[in-house]
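Enquirer:
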Amino acid sequence: MRSFETRVFNWRAPSLLLVSGSRLPAIPESSNERAFADSLPPKRLPDSTTTTPNRLVFGAYIPQPWQQTYKTCLSDPGTMLFQLAPTHTVHRSTISTEQLSFTYPPLSHPGIALGSSHPTSKSTSGTAVPAKLGPVSLHIDASFEFGVFTHDSRGGGAFTPAEGRGGGDWQERFSIESLEVWGCGGEEEAEEQRKRWEWEEREAEARRRINFGKGDRDADRALLEMAGIIGGDRSGGSMN
60 MRSFETRVFN WRAPSLLLVS GSRLPAIPES SNERAFADSL PPKRLPDSTT
110 TTPNRLVFGA YIPQPWQQTY KTCLSDPGTM LFQLAPTHTV HRSTISTEQL
160 SFTYPPLSHP GIALGSSHPT SKSTSGTAVP AKLGPVSLHI DASFEFGVFT
210 HDSRGGGAFT PAEGRGGGDW QERFSIESLE VWGCGGEEEA EEQRKRWEWE
260 EREAEARRRI NFGKGDRDAD RALLEMAGII GGDRSGGSMN
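Using the working numbering, the first residue of the sequence shown is number 60, and each one after it goes up by one.
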């Protein structure tokens, strides 16, 4: 997720999120699959199709810049969820506040979520609480290994359910094979992103220089003297 944040958060314009993968088996076949299944409520909805599709593709249009969320979700009436395969469906915003969250541990069920309530702190009782998935929602776990798309035709959440083909009640749990974010914009947005990356690199370099003996020796010595580590009868060791 840190790599995702570094690459995506500096794009200050709308973007498209695309995630594709393969349907998970009904019975988990690995410890990671079991852990993911245990983090979700029991699967009560069927798959979207009775046949196994070659590929599942879901996505979202995000009108606002990405950012980490702490207590509340990002919200914009232009946000949309969609499915590209095996069926094409579009789920528009209901102007709910539960649209997009990007969270890290120690919040419960960290990752990327669209259409679900914002994660809360982990239970102090030690009892694992399953993720609360919205009626029409996409959740991607923090490892970017698994995802789940839920479609409850009754609606009532952040996004409208589909009608006709692709409608009904279903849920797809899948292993992720590809996750992409495409920025919407032009040269101006790309230049702004480049400047932000360069600024972050300069800041990172400045932090790396606080490794005494490898930067400005006079500045390093002044900092140590202010800290009372050297000066007077204290040598503080070698500055080489």
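For glycine and all other residues, C-beta sits at the position ideal for the given N, C-alpha and C.
Thinking just about the alpha-carbon of each residue, which of Asp200, Ala172, Pro178 is nearest to the one in Ile121?
Expert: Closest by alpha carbon: Ala172.
Enquirer: So Phe63 is in the alpha helix (DSSP H); what residue range does that whole segment cover?
Expert: Element bounds for Phe63: 61-67.
Enquirer: Where DSSP assigns a beta bridge to Ser180, which residues make up the other side?
Expert: Leu166.
Enquirer: Does DSSP classify Arg293 as helix, strand or coil?
Expert: Any reading at Arg293 must be qualified, since the residue scores a pLDDT of 48, below 50, and its modelled position is unreliable; the value itself is stated next. Reduced to three states, the DSSP call for Arg293 is strand.
Enquirer: How many angstroms separate the CA atom of Thr65 from the CA atom of Asp228?
Expert: About 36 Å.
Enquirer: For a test of the three-state rule: what should DSSP assign to Ser152, helix, strand or coil?
Expert: Ser152: strand per DSSP, three-state reduction.
Enquirer: Between the Cα of Arg61 and the Cα atoms of Arg261, Ala249, Thr109, Gly170, which residue gives the shortest distance?
Expert: Cα-wise, what sits closest to Arg61 is Gly170.
Enquirer: Measure from the alpha carbon of Ser237 to the alpha carbon of each residue in Cys243, Ile199, Arg253, Ser167, then state which is nearest.
Expert: For the residues Cys243, Ile199, Arg253, Ser167, the minimum Cα distance to Ser237 belongs to Ile199.
Enquirer: Would you check if the distance between the CB atom of Gln230 and the CB atom of Asn69 is smaller than 8 Å?
Expert: Cβ atoms of Gln230 and Asn69: not closer than 8 Å.
Enquirer: Is DSSP giving Asp200 helix, strand or coil here?
Expert: The answer is strand: DSSP assigns Asp200 an E or B state.
Enquirer: Give the single residue among Val188, Asn91, Thr209 whose Cα lies nearest to the Cα of Leu104.
Expert: Measuring from the Cα of Leu104, the nearest candidate turns out to be Thr209.
Enquirer: Take the Cβ of Thr162 as the centre, count every other Cβ of all protein chains shown within 10 Å, and call the residue buried at 16 or more, exposed below.
Expert: When all chains shown are included, Thr162 counts as buried.
Enquirer: According to DSSP, what are the bridge partners of Ser79?
Expert: In DSSP, Ser79 forms a bridge with Val116, Ser237.
Enquirer: Return the chain-ordered ranges of every alpha helix (DSSP H) run that is complete within the region 89-138 and spans a minimum of 4 residues.
Expert: Listed in chain order, the complete alpha helix (DSSP H) runs (minimum 4 residues) inside the region 89-138 are 90-97.
Enquirer: Between which two residues does the beta strand (DSSP E) holding His210 run?
Expert: It spans 205-210 - the beta strand (DSSP E) in which His210 sits, taken as one unbroken run.
Enquirer: Under the three-state reduction of DSSP, which class applies to Trp70: helix, strand or coil?
Expert: Correct three-state label for Trp70: coil.
Enquirer: Please classify Cys132 as buried or exposed, where buried requires at least 16 other C-beta atoms within 10 Å of its C-beta.
Expert: With 16 or more other Cβ atoms within 10 Å, it is buried.
Enquirer: Should the region 93-111 be regarded as contacting the region 254-270, the criterion being three or more beta carbon pairs within less than 8 Å?
Expert: Not touching, per the Cβ criterion.
Enquirer: Tell me where the alpha helix (DSSP H) around Gln158 begins and ends.
Expert: Premise fails: Gln158 is in no alpha helix (DSSP H) and is neither H nor E.
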